[in-house]
Ligand SMILES: Cc1cc2nc3c(=O)[nH]c(=O)nc-3n(C[C@H](O)[C@H](O)[C@H](O)COP(=O)(O)O)c2cc1C
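In the working numbering, the protein residues as written are 223 to 405.
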């Protein structure tokens with residue numbers, strides 16, 4: 223497969239199992255993430271890599287958030303199990319600062335690019351993944367537990383592992399609807 227084919231055939235996978243990336247593979251993924259475009263060289267991101275008990279810890283945070291929000295036991299249990307849907311989750315936090323030239327949005331976008339680059343780096347090594355957010359990424363308790371300041375954002379939870387399905391969700395892409403040529 224050419225590089226272009228690799229990029230144009232990318233797809234996400236939600237049914238993920240072991241194996242996940244090993245230490246060397248993870249290091250490569252993180253190094254790619256840290257090469258994200260970054261106005262002002264602020265490196266406005268934090269990557270929290272969760273495996274094993276780290277996934278359970280995130281699940282407990284999600285469950286506690288659901289409890290505090292008054293959800294029923296079924297929903298609380300579901301939230302507790304969410305991070306266990308993959309052998310690895312990289313939580314990407316945009317750690318933003320006030321900057322005279324680089325607005326908040328650009329810093330958050332940069333962290334988003336880092337997340338997507340890491341998904342690509344995982345795919346390039348034979349893994350699969352999915353970028354997830356949901357209500358919990360905006361939740362006050364979850365934000366506190368992950369150490370966010372007021373101006374920070376959880377840009378997403380990157381679930382990584384081995385695809386159990388190994389085929390993309392079929393979708394039609396009509397580029398003409400999205401592309402305008404000025405010539
Ligand atoms: C910012 C962002 C947040 C997302 N959050 C979720 C999510 O919480 N749950 C989910 O199932 N998909 C979520 N997605 C979509 C998936 O990552 C994925 O793109 C989608 O399932 C389409 O699959 P594809 O990437 O193969 O086209 C999100 C995507 C983005 C860019």
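We put the CB at the ideal spot given by N, CA and C, even for glycine.
To which residues does DSSP link residue i through a beta bridge?
i	result
residue 350	383
residue 228	Looking at the DSSP assignment, residue 228 forms no beta bridge with any residue, so it has no partner.
residue 267	316
residue 311	272, 381
With residue i and residue j assumed to form a contact (beta carbons below 8 Å), what rounded beta-carbon distance in angstroms separates them?
i	j	result
residue 255	residue 269	6 Å
residue 164	residue 316	One cannot answer for residue 164 here, as it falls past the ends of the chain, which runs 223 to 405.
residue 365	residue 352	The Cβ separation is near 21 Å, so there is no contact.
residue 241	residue 347	Wrong, their Cβ atoms sit about 11 Å apart, outside the cutoff.
In this structure, how does DSSP classify residue i when only helix, strand and coil are distinguished?
i	result
residue 407	As displayed, the chain neither begins before 223 nor continues past 405, which places residue 407 out of reach and without an answer.
residue 248	helix
residue 377	strand
residue 345	helix
residue 239	strand
residue 359	helix
residue 367	helix
Could you check whether residue j and residue i sit closer than 8 Å to each other, using their CB atoms as the reference points?
i	j	result
residue 246	residue 350	no
residue 381	residue 252	no
Ordered along the chain, which non-local residues of its own chain (more than five positions away) have a Cβ less than 8 Å from that of residue i?
i	result
residue 301	281, 284, 285, 287, 288, 293, 358
residue 306	277, 278, 281
Among residues of its own chain, excluding the 5 on either side of residue i, which ones have a beta-carbon nearer than 6 Å to its beta-carbon?
i	result
residue 339	254, 255, 258
Kindly indicate if chain C contains any beta-carbon less than 8 Å away from that of residue i.
i	result
residue 401	Absent from the structure is chain C; it holds one protein chain and no more.
Go through its chain and collect everything with a Cβ distance to residue i's Cβ below 7 Å, but skip five positions before and after it.
i	result
residue 390	233
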